[in-house]
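S.K.: Next up is a structure, given as structure tokens.
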Amino acid sequence: MAGTVHHWISGSERPGEGGRYGDISDPATGKVTGQVDLASAEDVQVAVAAAKAAFPAWRDTSLAARSQVIFAFRELLNAGKQELAEIITAEHGKVTADALGEVSRGQEVVEFACGMPHLIKGSATENASTGVDVHSVRQPLGPVAIIGPFNFPAMVPMWFFPIALAAGNTVVLKPSEKVPSAARWLAELWQRAGLPDGVFNVLNGDHVAVDGLLAHPDVRAVSFVGSTPVARHVYETGTRHGKRVQALGGAKNHMVVLPDADLDLAADQAVNAGFGSAGERCMAISAVVAVGGVADALVQKIKDRALELHVGDGRRSSDMGPLVTAQAQERVTGYIDAGEADGAELVVDGRKVEPDADGDGFFVGPSVFDHVATGMSIYTDEIFGPVLSVLRVDTYEDAVALVNENRYGNGTAIFTNDGGAARRFQNEVEVGMVGINVPVPVPMAYYSFGGWKSSLFGDTHAHGVEGVHFFTRGKVVTSRWLDPSHRGIDLGFPQNR
Ligand code: NAD
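Under the numbering used here, the first residue of the sequence shown is numbered 14, with each subsequent residue one higher.
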């Protein structure tokens with residue numbers, strides 16, 4: 014797509030007011046392929062005003078009619094997902110099969126939202142007090158803002174907007190300025206699905222757009238996904254402005270390998286989860302914790318597999334694509350330099366990769382460090398690249414303590430054939446999403462996605478029933494219909510009779 018990606022407001026493309034633009038690059042070739050509008054404060058006003066104006070009619074549209082639009086969107090998405098995947102690969106760099114996987118996981122949330130009439134049902138009690146009935150409803154909030162990261166241009170926004178829209182809210186989506194075309198494509202799809210103009214808007218930009226949305230009095234709720242420092246800022250600023258906020262942050266995900274594990278399975282999955290999408294996943298495994306003497310054999314198996322990976326342009330038959338930007342490439346190679354300087358053993362060096370690509374793309378190959386210590390920056394920091402660190406511990410207890418001492422708590426996995434150990438781990442580990450012999454335990458759409466500790470600010474996770482609650486507010490109605498027996502004055506607090 015690329016070219017110049019403008020905002021999408023009230024059902025049509027709208028160039029920004031501020032005259033600020035960012036570059037869009039093709040990470041596999043290193044070439045600039047387009048530009049994106051970077052919103053001004055005025056653009057924020059225009060986008061939120063559109064969402065506010067569209068809200069009353071959309072809120073009052075019947076659930077049946079709203080659901081028909083969500084169903085139509087699902088059909089169009091399913092038919093067009095190859096095109097969307099190719100757009101993602103061209104701006105993000107991940108291989109097209111992986112991009113297709115991302116779209117499919119987002120589509121599952123759309124399918125979940127098709128059941129909104131059931132999900133939004135309240136409850137009713139007849140004759141709670143004599144002649145008095147009570148019922149509860151959940152109502153939409155109004156205009157909501159969704160702010161996305163670069164690494165899932167389609168899936169992460171789709172964690173939120175299908176549910177927000179199906180529940181009757183209107184949306185301003187602010188995608189990452191590095192990968193804006195997927196959001197733009199999705200906006201046009203909504204229009205084709207029959208969504209009224211102004212119900213779904215895309216505002217492109219950087220921190221100016223984000224801070225404008227956080228402060229805007231008409232924005233009722235903010236769903237954010239990105240790095241931990243920005244997530245914390247979004248949570249603190251948004252809540253200070255009286256908004257409901259869920260802010261999902263960064264991660265450092267551990268894979269614990271117990272001595273009884275199938276080491277071939279563990280090595281396969283460490284490589285899949287560590288290097289898929291070039292490690293640019295919030296659920297990527299970045300630390301392998303080898304327990305009780307399995308490390309030598311495990312590291313050898315991981316090394317053998319990492320060296321076999323085909324790195325190149327995601328449009329070719331590659332296993333792994335480039336990083337998103339030259340800055341990301343520089344940051345990741347900087348961490349590899351630091352790991353070496355700190356004394357970790359570099360078993361596979363991704364700096365030496367020879368990618369199958371034309372031009373000067375942002376590639377770093379799979380990298381594996383052994384003998385990593387918890388004080389090293391390759392362990393303490395979220396690298397967000399294809400760098401796997403192996404830490405050696407003596408016991409299961411040491412492994413759990415190590416995971417629990419980490420400031421992040423997004424995902425984790427244990428590899429073992431011991432059901433008792435796995436059961437103990439799922440109970441003791443302080444992490445929001447746990448895999449047992451499953452390395453990337455991303456919950457299904459009908460469960461909720463979210464981490465603990467510095468991986469999520471707020472108390473509501475994404476999608477599933479928690480997502481429905483986030484985008485609606487409860488109301489309880491107590492009613493009594495006229496009956497002569499109700500006459501009379503009583504100043505006491507209402508009591509049930
Ligand atoms: P980022 O924090 O740099 O950007 C995220 C969003 O915030 C973007 O839309 C960006 O424009 C905006 N932004 C950036 N700096 C800002 C600032 N100073 N003030 C206000 N807004 C700002 O994150 P990213 O690099 O796009 O994405 C990668 C990060 O996202 C990683 O840390 C990754 O772990 C995290 N992530 C987390 C999850 C999760 O579910 N927890 C999922 C995907 C990605």
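Glycine included, each C-beta is placed from N, C-alpha and C at the ideal position.
#1: Quick one: what does DSSP say P148 is sitting in, helix, strand or coil?
#2: Does the distance from the C-beta atom of A177 to that of F470 stay below 8 Å?
#3: By how many angstroms is the C-alpha of D407 removed from the C-alpha of G43?
#4: If you measure from the CB of H229, is any heavy atom of the ligand NAD nearer than 7 Å?
#5: What does the Cβ neighbour count give for I315, buried or exposed, with the cut at 16 atoms within 10 Å?
#6: By a C-beta neighbour count over all protein chains shown, 10 Å radius and 16 as the cutoff for buried, is L504 buried or exposed?
#7: In terms of residues, what are the limits of the beta strand (DSSP E) holding N419?
#8: Tell me the DSSP secondary structure of R94 in three-state form.
#9: Tell me which same chain residues have a C-beta within less than 8 Å of the C-beta of R87, skipping the five on either side of it?
#10: Do V192 and P156 have their beta-carbon atoms positioned less than 8 Å apart in this structure?
#11: At what residue ranges does the segment 339-365 contain a whole run of the beta strand (DSSP E), taking only runs of 3 or more?
#12: Using 8 Å for Cβ pairs, my map puts L401 next to G287. What's the rounded Cβ distance?
#13: At a cut-off of 7 Å, would you count A60 as near the ligand NAD, judging by its Cβ distance to the nearest heavy atom?
#14: What distance in whole Å lies between the Cβ atoms of R72 and G153, which are believed to be in contact at a cut-off of 8 Å?
#15: Ordered along the chain, which non-local residues of its own chain (more than five positions away) have a Cβ less than 7 Å from that of T252?
#16: Looking at the structure shown, is D39 part of a helix, part of a strand, or coil, going by DSSP?
#17: Inspect the beta-carbon positions of L76 and P130 and report whether they are closer than 8 Å.
#18: Alpha carbon to alpha carbon, how far is A179 from S80?
#19: May I have the straight-line CA-CA distance separating P170 from H148, to the nearest angstrom?
#20: Considering Cα atoms alone, identify which of I100, A351, D50 is closest to R364.
#21: From V312, G31, L271, G487, pick the residue whose C-alpha is nearest to that of G305; which is it?
M.R.: Considering the structure as presented:
#1: For this step, residue 148 is matched to residue 135 along the sequence shown. Strictly speaking, residue 148 in this sequence is His, with Pro absent from that position. Correct three-state label for H148: strand.
#2: By one-based count along the sequence shown, residue 177 stands at place 164. By one-based count along the sequence shown, residue 470 stands at place 457. For the 8 Å CB-CB criterion, A177 and F470 do not form a contact.
#3: The sequence position of residue 43 within the sequence shown is 30, counting from 1. The sequence position of residue 407 within the sequence shown is 394, counting from 1. Cα to Cα, the separation comes out at about 44 Å.
#4: One-based indexing of the sequence shown puts residue 229 at position 216. H229 Cβ: outside cutoff for every heavy atom of the ligand NAD.
#5: Within the sequence shown, the letter at position 302 stands for residue 315. Buried, because 16 or more other Cβ atoms sit within 10 Å of the Cβ of I315.
#6: Looking up residue 504 in the sequence shown gives position 491. L504 comes out exposed.
#7: Taking the sequence shown and counting its residues from 1, one reaches residue 419 at position 406. Counting along the chain, N419 falls outside any beta strand (DSSP E), and DSSP gives it neither H nor E.
#8: For the purposes of this step, residue 94 is taken as residue 81 along the sequence shown, with counting starting at 1. Looking at the sequence provided, one finds Lys at residue 94 rather than Arg. In the structure shown, K94 sits in a helix (DSSP, three-state: H, G or I).
#9: The sequence position of residue 87 within the sequence shown is 74, counting from 1. Once the five neighbours on either side are set aside, the close Cβ partners of R87 are Q120, V123, E124, C127.
#10: Within the sequence shown, numbered from 1, the residue matching residue 156 stands at position 143. Within the sequence shown, numbered from 1, the residue matching residue 192 stands at position 179. Not a contact, by the Cβ cut-off of 8 Å.
#11: 358-361
#12: Here residue 401 is taken as the residue at index 388 of the sequence shown, counted from 1. Here residue 287 is taken as the residue at index 274 of the sequence shown, counted from 1. Contact flag correct, Cβ pair sits at about 4 Å.
#13: Locating residue 60 in the sequence shown gives position 47, where the first residue counts as 1. No, the Cβ of A60 stays beyond 7 Å of every heavy atom of the ligand NAD.
#14: On the sequence shown, position 140 is the one that residue 153 refers to. On the sequence shown, position 59 is the one that residue 72 refers to. The residue you asked about is not Gly; residue 153 is Pro in the sequence shown. Going by Cβ atoms, the distance from P153 to R72 rounds to 5 Å, so yes, they are a contact pair.
#15: In the sequence shown, the residue the question calls residue 252 occupies position 239. The beta carbon of T252 lies closer than 7 Å to those of V258 in the same chain, with the five residues before and after it left out.
#16: Numbered from its first residue, the sequence shown carries residue 39 at position 26. The answer is strand: DSSP assigns D39 an E or B state.
#17: Position 63 of the sequence shown, counted from the start, is the residue given in the question as residue 76. Position 117 of the sequence shown, counted from the start, is the residue given in the question as residue 130. Against a cut-off of 8 Å, the Cβ pair of P130 and L76 comes out as a contact.
#18: Residue numbering aside, residue 179 sits at position 166 when the sequence shown is read from its first letter. Residue numbering aside, residue 80 sits at position 67 when the sequence shown is read from its first letter. If you take the alpha carbons of A179 and S80, they lie about 6 Å apart.
#19: In the sequence shown, counting from the first residue as 1, residue 170 sits at position 157. In the sequence shown, counting from the first residue as 1, residue 148 sits at position 135. Each residue's Cα considered, the two are about 33 Å apart.
#20: Within the sequence shown, residue 364 is the residue found at index 351, counting from 1. Nearest in C-alpha terms to R364, of all of I100, A351, D50, is A351.
#21: As a first step, residue 305 must be located in the sequence shown, where it is residue number 292. It is L271.
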